[in-house]
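Everything below concerns the one structure shown next.
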Amino acid sequence: MDYRFLTISALLYIFIGLLRFRKACYELEFYRALLFISLGAILWSYSESSCTAESGPYCSILEFFFVYSSILAALVFFHFQRKLRSLKDESGLFSKWTLMDPLRIGVQTVFASAFVFAVWKIFAKKDLPNLISTVSFLICIYYILIFIDILFRFRKTRRETLNLLPFLTVILIVEAFEAIKQLQGFAGNLTLTILDEYFVLISPIVLHEILPLEKRNFVRAEEFGNHSDLVSEELKIKGAPYPNRKSQMKYNLLNNLNLPAVDQKLKILFEEDKVYLDEDLRLPALAEEIGISVHHLSAFINEYLGLSFNRFVNSYRVQEAKRMLLEEPERTVLSIGMAVGFNSTSSFHRAFFTETGLTPKQFREDRFGSRLDMTSSALENFNLN
1 MDYRFLTISA LLYIFIGLLR FRKACYELEF YRALLFISLG AILWSYSESS
51 CTAESGPYCS ILEFFFVYSS ILAALVFFHF QRKLRSLKDE SGLFSKWTLM
101 DPLRIGVQTV FASAFVFAVW KIFAKKDLPN LISTVSFLIC IYYILIFIDI
151 LFRFRKTRRE TLNLLPFLTV ILIVEAFEAI KQLQGFAGNL TLTILDEYFV
201 LISPIVLHEI LPLEKRNFVR AEEFGNHSDL VSEELKIKGA PYPNRKSQMK
251 YNLLNNLNLP AVDQKLKILF EEDKVYLDED LRLPALAEEI GISVHHLSAF
301 INEYLGLSFN RFVNSYRVQE AKRMLLEEPE RTVLSIGMAV GFNSTSSFHR
351 AFFTETGLTP KQFREDRFGS RLDMTSSALE NFNLN
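Numbering follows UniProt numbering, in which position 94 of the sequence shown is assigned residue number 94; successive positions increment by one, without gaps.
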């Protein structure tokens, strides 16, 4: 393989992973970001095929880098699998301690990879096989086992497995390609090389762009099924006027929800994670993150909270904007509106006026004017005394 392909793909994976890690709000997103970074690290490690036991310190660093990234990816799946086993529902994936597992994974990976690397360096090279090929083979076996386990054991948590199984598939294929090329007679196979090159170039784009679209289609299909159930439920409520039927359906939706749990999840997402800062936040995406259907979340916000979805989200955005208007007087109104999640000046002004009865500029001037008046009064009283 032309190892420039590996380098380009590795850089893409690492860049996407860092970008996602920076924007991550939930534990599941931290898992995804770690997987992008570890995939990039694995590919980068493969970019030097000439490393041997007698090579200099650069190749030793590269070998350690490979071992670290391979174990990192494996531990991400191990922790995720263990978490799915321990949870009765999906709410544990939205704990406020979102960074604890990723940090724990990173520390465990350092110790594990240091141990493996030290063993290979302490023993004579004739006693142990090639480090990279051995780790590739063992990790491949582990990925196959965990892939089967997640796929069949956790069918009830389809949304989570849908998020991580594509990463597992890509890592498995990458590791399999490298393991096969270590076998005698396959190292110079042209067909295998071409397939490998195309795969490593296309895979980051597929994971970052195409699979999220497939995921949304899956969620839409699932919601369509839920909608069909609701229609069937409506047809069962016979003999009542339409308004009563509609009210009965909403009551049934709320009756099937753990209302305090949903309320707590929303508070964590909005008050601690501040998901409203994302201008692309939509009801289906929020429902998916909470782990309930769109219809249930819509009924919860409309009936239980007494707000529309837009009004609910905008109320948090306006509160954040009010804070920034007072604490950052040098910042423009437009900049603040964009920072809190509005995608246009008009929508920002309209939502702000609805919540406060003032425009953002009037709010800022009114508050600063009041402060100036209080300061002037205090100075006058001081001078009189």
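The beta carbon of each residue, even a glycine, is placed where N, CA and C say it ideally should be.
Reference residue i, options the options, closest by Cα
i, options, result
"leucine 259", "Asp273, Ser308, Glu303, Val318", "Glu303"
"isoleucine 144", "Phe111, Phe77, Phe309", "Phe77"
"aspartate 263", "Ala73, Pro284, Leu305, Ala351", "Leu305"
"aspartate 278", "Lys265, Val313, Thr134", "Val313"
"isoleucine 122", "Ile180, Ile194, Asp273, Ser60", "Ser60"
"glutamine 319", "Phe348, Thr191, Asp149", "Phe348"
Within 8 Å, strictly: CB atoms of residue i and residue j
i, j, result
"tyrosine 142", "threonine 109", "no"
"phenylalanine 64", "phenylalanine 115", "no"
"serine 8", "isoleucine 37", "Serine is not the amino acid found at residue 8; the sequence shown has isoleucine there. No, the pair does not count as a contact, with Cβ atoms beyond the cut-off."
"phenylalanine 342", "arginine 317", "yes"
"glutamate 355", "serine 315", "yes"
"isoleucine 292", "leucine 257", "yes"
Cβ neighbours of residue i in the same chain (closer than 7 Å, five flanking residues each side left out)
i, result
"arginine 367", "Leu326"
"alanine 321", "Ile336, Gly337, Val340, Phe352, Pro360"
"threonine 345", "Leu334, Gly337"
"serine 113", "Phe64, Val67, Tyr68, Ile71"
"arginine 350", "none"
"leucine 379", "Residue confidence for leucine 379 is low, a pLDDT of 45 falling below 50, so the modelled location carries little weight; the figure read from the coordinates is stated next. Correct list: empty, nothing qualifies."
Cut-off 8 Å between Cβ atoms - residues of its own chain near residue i, not counting five sequence neighbours on either side
i, result
"proline 329", "Arg364, Phe368"
"valine 275", "Cys25, Leu269, Leu281, Leu286, Glu289"
"isoleucine 105", "Leu34, Leu72, Leu75, Val76, His79"
"serine 308", "Ile301, Asn302"
"leucine 358", "Phe352, Asp366"
"residue 387", "Beyond the ends of the chain as shown, which are 1 and 385, falls residue 387; an answer cannot be given."
"leucine 138", "none"
"valine 107", "none"
"leucine 103", "none"
Cut-off 6 Å between Cβ atoms - residues of its own chain near residue i, not counting five sequence neighbours on either side
i, result
"residue 420", "Absent from the model: residue 420. The displayed extent of the chain is 1 to 385, so no value can be given."
"leucine 18", "none"
"leucine 297", "Ala287"
"phenylalanine 111", "none"
"threonine 332", "none"
"methionine 324", "Ile336"
"threonine 191", "none"
Taking the runs of the alpha helix (DSSP H) that are 4 residues or longer, which of them lie wholly in the UniProt domain "HTH araC/xylS-type" (264-366)?
Correct list: 283-290, 294-299, 309-327, 333-339, 345-356.
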